[in-house]
Structures are given as C-alpha cells and as structure tokens.
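So the structure is just underneath, and the comments pick up after that.
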Amino acid sequence: MKVILSRHIGFCSGVKHAVDTALRVPPENTLLFGELIHNREVVEKVEARGIPTVSSLDEVPAGSKLIVRSHGVGKRFYEECAARGIEVIDCTCGFVKRTQRIVAAAGKAGKTVLIAGHAEHPEVQGLLGWCSGEAAVVDEGEDLTRFCDKNIVFVSQTTFSEQRFLKIAENLQKVCQKTVEIFKTICYTTIWRQKEAEQIARNCDAVIVFGGLNSSNTGKLYEIASAHCKNVFRLERADDFKYEKFLFYERVGIIAGASTPDWQTQEVLFKMEENNAEVQATTMMDVVEGIDKAERYKKGQIITAKIVSATDEGVYVSAAGKLEILLAKEELATEEYSREAYAEKVGTEIELMVVEVTPKVKLSQKQLQKIKEEEAQLKDIEEGKEFSVVCTGFNKGGLTAELGTYPVFVPAKEIRSGYVKDLEKYTGKKLRLRMLEIRKERRKEIIASQRVIIEEERAAREAAKAEKEAAFFESIQEGDVVEGRVERVTSFGAFVSVNGFDCLAHISDLSWSGVKSVTDVLEIGKHYEFKVLKVDRENKKVSIGYKQLQPQPWDLAAEKYAEGDIVHGKVVRIVPFGAFVELEKGVDGLVHVSQITHEWLDNPTSILTIGQEVDAKIMAFNPAERKITLSIKALQPRPEAEPRPERKEHERHDEDRPRVRKSVRRGAASEGGEEDEYREWSESASFGASISELIGSDEENK
Ligand code: SF4
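Going by this note's numbering, the sequence shown runs without a break in its numbering and finishes at 750.
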C-alpha cells in the first residue's frame, strides 16, 4: 500500500494559537466560551487542566478570565464582558477578525451584508454580531432576487467551500442592480486543504478524512473528496483506524481538518507503517503544478504577497496563484516580531524577495529592504555624498572595502595627500570616502577617494582661519582691554588666546616689580584681562600686557612717602656711587656713597651688603620721575670735627673736589656703563636733591 499524505495536516495557525493559549494560561478562574475546537481529545485535554467550558455569560462569575475561541464572537459580547467584570482572552483568528472588520464597516456605510456560510456556525453568529444594518446568511442555490435593489457586501465564513462561494458571487452579480462588493474571506488554509483534498482524492483508491464529526471544515473536505473518490472514510480518533479495512487499496490518501492535531494523524501513519505501507507526503509543488500550473519562483525575484496568517515562527504569505509560504520572523523587516501585531496585518500586501528556490522557496523582506537601502545610498553616493566604510584589506594598488554588497577600492594615491607606504595599517580602520567613479563591467565596484575629503576639509579650515583672523585684526586696536585664556607659557612670556587668536604677553609686561617665571603671575588655562600694547597686522602678531592694567607701585608710593620720612628697606643693589634700597616691591631709592656714613668711603661695599636691612631718611622724593633719594648718614650722629692743618691754596683746591665725582670718574674709567647709569638716574629729570646736596657741603665734608 502506498499512502499519500496531505501537506496540510495539523492545526491551522488560528487553531494552534487558541489551543496553545488554552494549554498555557493559568487555569485558576479561567473558563472557555464554547467548545475550543471541534476535536474531542483536545477539548478533554483542556478541561483536564481545570478550565471548564461554558455556553452562556451567565455561567461566568465576575472577575473571571474567559477564553474566546478562534471562531470569534459578536461586538456585544465584549461589551457584556466588560460590564460584568470579565476579562476576555481573545483567541479570535486573524482571518475571522478581518471579516468582522469588513462587515462592521459595511453596516456603518448602510450596505447589506450577505455571508456565505452556515447560519448556526459560531463564526457566522459572531459575524452577524458585528453587522449593524441589514444582514443575511446565504448558500448556493438560494433565491437572491430579494437583494436586487440593495448595495451588497458579500463575504464568506472562513471555512466555506470556495467553489460554492464563487457561484453565489456570480449569481449575485447577475441579479443585483446596485453595487456588489465581493470579499473572498475564505482563509488560505481552507482553500489549500480543499485543493489538496481534490487532488489526493483524484489520485487515490481510498481517502481518509481525519477530523471532528462536527467540524465544518472537515465536513467540506469530506464533501470534496467524495466528489472525486468512491471510497472516502471519516475518522475522528486514531483509535478508530482499522488497517484491515484498507487492505485491498493500493493508494490511500490522508487529509485532515484544521482542528485535527497532527499527533492523531501521526498515530494512524505509524499503524500503517507497522504494516509495511509506504508513506509519501505530497509536496507544495506537486499540488501547485497539479492544480493551477502556477509559475515557479526565481532567485532574486521581487514579489508582492499577501499576509494570510501569523504564527509564532513567522507569517504565512501567499502570492497570486501560489501556495502559502512561511516567511520566517527573522526575515521580516522588523526589530521585534510580535505575532499579535502581524495578525492585525492579515490581508496586507508586502514586497518580498525570493532568496532561495531549492530545496524550498525562501522569502525575505529584510534582505529586500537592505538592497533598497543600498540602492538609495548608492544614488546619494553617485551624486557626491560622503560615505564611510571599514577597510577590509589591501593589495599593492590600494585599499579594499565593502559597502553592503558593493566592493569598494581606494587607490593608494587617494588615501591621503602624499605617498602612503604602509597600506596594512589601514585594515580595520574607518575610511571616509567620496566616489570617483563606479565600474559597472562586472559587479558594480566603487572607486573612491579619502584624499579629496581631507584636502577639502583642510582648505575649508584654512579659509575659516583666515576669515577669523581678518575679523580679529579688524576689531583689535592698541590700547584695547581684552580678555584671553592663557594657553601655554615659555621662558620669555605667555601665549594667550584672545578670540581664538594667539597673542604674546612678554614676561616684562607681566608685573611692575619684575618676575622670575611667567607662572608667578599667570596660570595656564585661566582667563585674565590684558591691555593691547602692539598690533602688527603685517606679521600677524599682537603684544599684550598684564601689568599695564595693574596699579603702579610708584603711584601708591606718592601717597605713602614724603621728604623727611624715616624708612626701612633692604639693600638690593650696590654700585660704585651708592646703593639701591628697596622700600617695597617696585619702589626703591638711592643712597649715594656720600650718604652712607659720615666717614670717607672708597666703596659702598665696605659697609653695605646685598640683602642688608637699613634705616634711612628720605632726602628727596619725586614720584613723577620715580626717584627717591635716601640718606643713612642723616640718621647718624655727626662726628666731632678735628682741627685741620693750614694748607696751601692748591692743596685745598684738590681736596675740596667732591670725592664722589672722583669715584664716578673712576668708575667711568674702569666700568664705563655705571657712570652713565648714575647720570641717567640723576639727570633724567628735575631731581629733588642736587648732586652737591648729595655729596654734602664743604662744611660737611671737612
Ligand atoms: S479561519 Fe482558517 S486559519 Fe483561522 S481558525 Fe479558521 S480554519 Fe484556521
């Protein structure tokens, strides 16, 4: 015996969802509205979990959960449940829901709804519950003239016979004088099971139709098979199968209703195999070719297909004239697959690509989307848009990479300006590219350059810098006060960013009292105010000063010191003509050699040392010229004068010359600059004390 097994066995997607739900939900407070499916064994299995079946809402206590089976229910049912505090676990099949939506919209539009089906079937009862206007259930052979003056919307019970539906539709179009909108809402599973039933029945001596005796779709399969085969047997349970009955048949076909679990079919097959029957499953293509000679798919072909159902594995789609194909959830162009969300899309058309044809057809929405995105990107790239890729390798001519399915080549001279010796180091690195050309001979290859982008950016940066500089030099003037950030320091000053332009604050312009290091005054990264000292537009240099905005110690000194004051200070410098004593930072005065002591001094260092602290009297103070003349000896008691021997005129003359001048002249002869320094210091302006005053009168020098 050869056994021909239908491809479509086991639960359809709608029944599978309902059964899975009923076997998964916690049974506490859960009830089932109506028999879950027309299969006793499954119903008993669900009831064994402690989920009772009810037929009226009056049997459902408030707070319960109620499973609605795949047949669906009317609109009022949901409202009733909400009013009674019953939570609905809705397992209505997506195909049924779609029909419900069609009839509800028709009612709202004032159209008459005709449903091809069995009036007492729960699905049809549910559909009627969504019709808000005139509605009727019709079947083949019925007089339809009573609807001749109506606008008709014609739908079908999802498990109705396709043949009969088409006949009714034809008749309606003949008799109706107004519009007839036809929606073939028979589900695809039903259609293909019916087509397979016909093919198998035509080619077998006997046919087993497996399914519940009260199952509508199983009944249709029986009807169809009986039309093409004399020996058709209905089987509700695997236990009912008796091999002996089929001993005289060479080819036995097995078909099953949508509510028949495949384990029951497998059990029958097992019994057949035990008796050495050879089992052979029909293939999709057998059926397709046998029924309507549909075209075969080609790899890479783009097709439009309709979503016919959603399962946990993905969605079933069907293109015109072809069988349902599972579009795996991984191949859908969605981040996260949701069966419920796709069940809502049943009836929607989507574009897909055929990615494999053997051993079976494989479709992908994701790959098609990727190709479309690549094509859009390529269009942008061809128009000159920058793109980036990761370098995957190199050859002696340049770098290689891939942009989606397109190979990319970057010639070595296009990587950057100048010669690139080591190409290997680019492997794995990101490249920013612009297309130079696209070679279309074989595979489209993109020839691209990174160098052009680098050079463009450099030119843009330089132009922006020049523009910024021009604006800076236009706005800045000598004497301006500007704010700047100290960027870096050197031994000779600090570079300060003023409006993004580097200006130099020389170390001598940081403090009135002089500093050893720039960082004694300025801190890197901090902002300060500076005075613009010099703007050299030609050489693009700006000098700024910090001390120029700080108070001058001499200005303050004018308020603090006066002639005749006794002051305390430190010897900071000794020169042949005297010593400079610092009174405070930035303010010092000169003690002339003649004002150090009443004694004759050949050199100030014989009494004073650097760092020595001394008291002195201010003899003259000229803040405008920043000069203070000090005297130490003025604070010392004058020694007793000794009688001097009579001298000749020429001896007196020599002796009376100011000694300091001798010293200064000596200095001038030996050291040069120091005499000048003193002269400069003393003669540069009106000076409070004259040289003779400093040196002392003849009387004092005696
Ligand atoms: S409509 Fe079709 S797929 Fe849905 S439950 Fe019914 S037979 Fe199954």
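Here a beta-carbon is modelled for each residue, glycine too, at the ideal position from N, C-alpha and C. Since the model is a prediction, treat every value here as computed from it, not as a measurement.
For a test of the three-state rule: what should DSSP assign to residue 164, helix, strand or coil?
Within the sequence shown, the letter at position 116 stands for residue 164. Reduced to three states, the DSSP call for residue 164 is strand.
Which of the three DSSP states is assigned to residue 576 in this structure?
Position 528 of the sequence shown, counted from the first residue, corresponds to residue 576. Reduced to three states, the DSSP call for residue 576 is strand.
Cβ-Cβ separation, residue 260 to residue 143 (assumed contact under 8 Å), whole Å:
Position 95 of the sequence shown, counted from the first residue, corresponds to residue 143. Position 212 of the sequence shown, counted from the first residue, corresponds to residue 260. Rounded, the Cβ-Cβ distance is 19 Å, inconsistent with contact.
Using C-beta distances below 8 Å, list every residue in its chain close to residue 719, excluding the 5 sequence neighbours before and after it, in chain order.
As a position in the sequence shown, residue 719 is number 671, starting the count at 1. Only weak support is given to the placement of residue 719: the predicted model assigns it a pLDDT of 42, under 50, and the value that follows is read from those uncertain coordinates. 624, listed in sequence order.
In the DSSP assignment, find the beta strand (DSSP E) that holds residue 87 and state where it starts and stops.
For the purposes of this step, residue 87 is taken as the residue at position 39 of the sequence shown. From DSSP, residue 87 is part of no beta strand (DSSP E); its letter is neither H nor E.
What are the start and end residues of the beta strand (DSSP E) that includes residue 147?
One-based indexing of the sequence shown puts residue 147 at position 99. No beta strand (DSSP E) contains residue 147, which is instead part of the alpha helix (DSSP H) from 142-156.
Test item: CB-CB of residue 60 and residue 245 under 7 Å
Indexing the sequence shown from 1 puts residue 60 at position 12. Indexing the sequence shown from 1 puts residue 245 at position 197. Result no, Cβ atoms of residue 60 and residue 245 do not sit closer than 7 Å.
Quick check: the region 583-600 against the region 523-532, are there 3 or more CB pairs under 8 Å?
yes
Contact set for residue 56: own chain, Cβ-Cβ below 7 Å, skip 5 residues either direction
For the purposes of this step, residue 56 is identified with residue 8 of the sequence shown, where counting begins at 1. Result list for residue 56: 237, 240, 241 and 244, in chain order.
Pull every residue with its beta-carbon under 6 Å away from any heavy atom of the ligand SF4, and keep them in chain order.
60, 61, 62, 63, 118, 141, 143, 144, 206, 207, 235, 237, 238, 265, 306 and 357
Where does residue 656 fall in DSSP's three states?
In the sequence shown, the residue the question calls residue 656 occupies position 608. Residue 656: coil per DSSP, three-state reduction.
Beta strand (DSSP E) segments (min. 3 residues) lying fully within the region 215-260
228-230 and 254-258
What whole-angstrom Cβ distance do residue 350 and residue 398 have, given they're in contact under 8 Å?
By 1-based counting over the sequence shown, the position of residue 350 is 302. By 1-based counting over the sequence shown, the position of residue 398 is 350. About 11 Å; that fails the 8 Å criterion.
Within 10 Å of its beta-carbon, does residue 178 have 16 or more other beta-carbons around it, so buried, or fewer, so exposed?
Mapped onto the sequence shown, residue 178 falls at position 130. Buried, since its Cβ has 16 or more Cβ neighbours within 10 Å.
Give the straight-line distance between the Cα atoms of residue 280 and residue 270, rounded to the nearest whole angstrom.
Within the sequence shown, residue 280 is the residue found at index 232, counting from 1. Within the sequence shown, residue 270 is the residue found at index 222, counting from 1. Whole-angstrom Cα-Cα distance: 7 Å.
Who are residue 475's beta bridge partners in DSSP?
Taking the sequence shown and counting its residues from 1, the one referred to as residue 475 is at position 427. For residue 475, which the question treats as bridged, DSSP gives no partner whatsoever.
N- and C-terminal bounds of the beta strand (DSSP E) containing residue 439
Counted from its first residue, the sequence shown places residue 439 at position 391. First-last of the beta strand (DSSP E) with residue 439: 435-443.
Can the beta-carbon of residue 118 be found closer than 7 Å to that of residue 134?
By 1-based counting over the sequence shown, the position of residue 118 is 70. By 1-based counting over the sequence shown, the position of residue 134 is 86. Not in contact: residue 118 and residue 134 (Cβ atoms no closer than 7 Å).
Under 6 Å Cβ to Cβ from residue 98, same chain only, skipping five residues before and after it: list those, please.
Here residue 98 refers to the residue found at position 50 when the sequence shown is read from its first residue. Excluding positions up to five away in sequence, the list reads 75.
Here's the rule I'm using: 16 or more other beta-carbon atoms within 10 Å means buried, otherwise exposed. How should residue 100 be labelled?
Against the sequence shown, residue 100 aligns to sequence position 52. Its Cβ having fewer than 16 others within 10 Å, residue 100 is exposed.
With a Cβ-Cβ cutoff of 7 Å, do residue 228 and residue 200 count as a contact?
What you label residue 228 is simply residue 180 of the sequence shown in a count that begins at 1. What you label residue 200 is simply residue 152 of the sequence shown in a count that begins at 1. Closer than 7 Å, so yes.
Is residue 222 near the ligand NAD, going by C-beta to nearest heavy atom under 6 Å?
Ligands in the displayed structure: the ligand SF4; the ligand NAD is not one of them.
What are the start and end residues of each continuous beta strand (DSSP E) run of 3 or more residues lying completely inside the region 253-303, in chain order?
254-258 and 279-283
Can residue 367 and residue 414 be called in contact, C-beta distance under 7 Å?
Stepping through the sequence shown from its first residue, residue 367 is reached at position 319. Stepping through the sequence shown from its first residue, residue 414 is reached at position 366. For residue 367 and residue 414, no; Cβs fall outside 7 Å.
Reducing DSSP to helix, strand and coil, say where residue 624 ends up.
Position 576 of the sequence shown holds residue 624. Residue 624: coil per DSSP, three-state reduction.
Residue of 595, 573, 272 and 661 minimising C-alpha distance to residue 621
Here residue 621 is taken as the residue at index 573 of the sequence shown, counted from 1. When only C-alpha atoms are compared, the closest one is 661.
Could you have a look at residue 69 and say whether DSSP puts it in helix, strand or coil?
Stepping through the sequence shown from its first residue, residue 69 is reached at position 21. Helix.
Could you pull the start and end residues of the beta strand (DSSP E) that residue 543 belongs to?
Residue 543 sits at position 495 when you count from the first residue of the sequence shown. That run of the beta strand (DSSP E) goes 541-546.
Rounded to whole angstroms, what's the CA-CA distance from residue 714 to residue 563? Just pull it up for me.
Residue mapping note: residue 714 aligns to position 666 of the sequence shown, counting from 1. Residue mapping note: residue 563 aligns to position 515 of the sequence shown, counting from 1. Per-residue confidence for residue 714 stands at a pLDDT of 33, beneath the threshold of 50, marking its modelled position as unreliable; no derived number is given.
Under a Cβ-count criterion, where at least 16 other Cβ atoms within 10 Å of its own Cβ denotes burial, should residue 750 be classed as buried or exposed?
As a position in the sequence shown, residue 750 is number 702, starting the count at 1. No answer about residue 750 holds up, because its pLDDT of 33 lies below 50 and its placement is not dependable.
What is the DSSP secondary structure of residue 340, reduced to helix, strand or coil?
If you number the sequence shown from 1, residue 340 lands on position 292. Any answer about residue 340 is weak, because its pLDDT of 37 lies below 50 and its placement is not dependable; what the coordinates show is given next. Three-state DSSP puts residue 340 in coil, outside helix and strand.
Residues near residue 83 by beta carbon distance below 7 Å, same chain, minus five either side
The residue labelled residue 83 in the question sits at position 35 within the sequence shown. Only 91 and 101 meet the Cβ criterion.
Does the beta-carbon distance from residue 629 to residue 639 come in below 7 Å?
In the sequence shown, residue 629 corresponds to position 581, counting from 1. In the sequence shown, residue 639 corresponds to position 591, counting from 1. Yes, the Cβ-Cβ distance between residue 629 and residue 639 is below 7 Å.
Same chain only: Cβ atoms within 7 Å of residue 566, ignoring 5 sequence neighbours per side
Reading the sequence shown from its first residue, position 518 is the one you call residue 566. Counting only Cβ-Cβ distances below 7 Å, and skipping sequence neighbours, we find 537, 541, 542, 555 and 558.
Three-way DSSP call (helix, strand, coil) for residue 62 in this model
Stepping through the sequence shown from its first residue, residue 62 is reached at position 14. Three-state DSSP puts residue 62 in a helix.
Leaving aside the five residues before and after residue 502 along the sequence, list all residues of the same chain whose C-beta is less than 7 Å from its C-beta, in chain order.
For this step, residue 502 is matched to residue 454 along the sequence shown. Taken in chain order, the residues that qualify are 464 and 465.
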